[in-house]
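Q: Please see the structure below; I have some questions.
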Amino acid sequence: MKILKRILFVILGLIALLLIVAIFVPKDYAITKEVVINKPVAEVFNYVKYLKNQDNYSIWNQIDPGMKKAIRVRMVQ
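Just remember that our numbering sits 1311 ahead of the position in the sequence shown, which is counted from 1.
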């Protein structure tokens, strides 16, 4: 029974320690990534605006280039 009490106190102590540490950890963070394209803005926009061209730089397309894709075009009048 003493062993179970010690195990329980150790577990509770670890939980309390984690909660105390969580109080002092910063609550916000930021991740930034920058890409420089040496082309005019209009040329880049005209290339990127088409969904078929977005596959050339899509991370998911690079991971699985054989995936099946379907593009639905809905005309709103």
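Using N, Cα and C, we set each Cβ at its ideal position, and we do this for glycine too.
With distances taken from CA atoms, which of 1382, 1346, 1341 and 1370 is nearest residue 1361?
A: As a first step, residue 1361 must be located in the sequence shown, where it is residue number 50. Checked all of 1382, 1346, 1341 and 1370; the closest Cα to residue 1361 is 1382.
Q: Over what stretch of residues does the alpha helix (DSSP H) that includes residue 1353 continue unbroken?
A: Counting from 1 along the sequence shown, the entry for residue 1353 is found at position 42. Residues 1352-1359.
Q: Please tell me whether residue 1357 and residue 1366 are closer than 8 Å, where the distance is taken between their beta carbons.
A: Along the sequence shown, one-based indexing puts residue 1357 at 46. Along the sequence shown, one-based indexing puts residue 1366 at 55. No.
Q: Nearest-angstrom Cα distance between residue 1386 and residue 1353?
A: Within the sequence shown, residue 1386 is the residue found at index 75, counting from 1. Within the sequence shown, residue 1353 is the residue found at index 42, counting from 1. Rounded to whole angstroms, residue 1386 to residue 1353 spans 25 Å at the Cα level.
Q: Looking at the secondary structure, which residues open and close the alpha helix (DSSP H) in which residue 1332 lies?
A: The sequence position of residue 1332 within the sequence shown is 21, counting from 1. Its alpha helix (DSSP H) spans residues 1313-1335.
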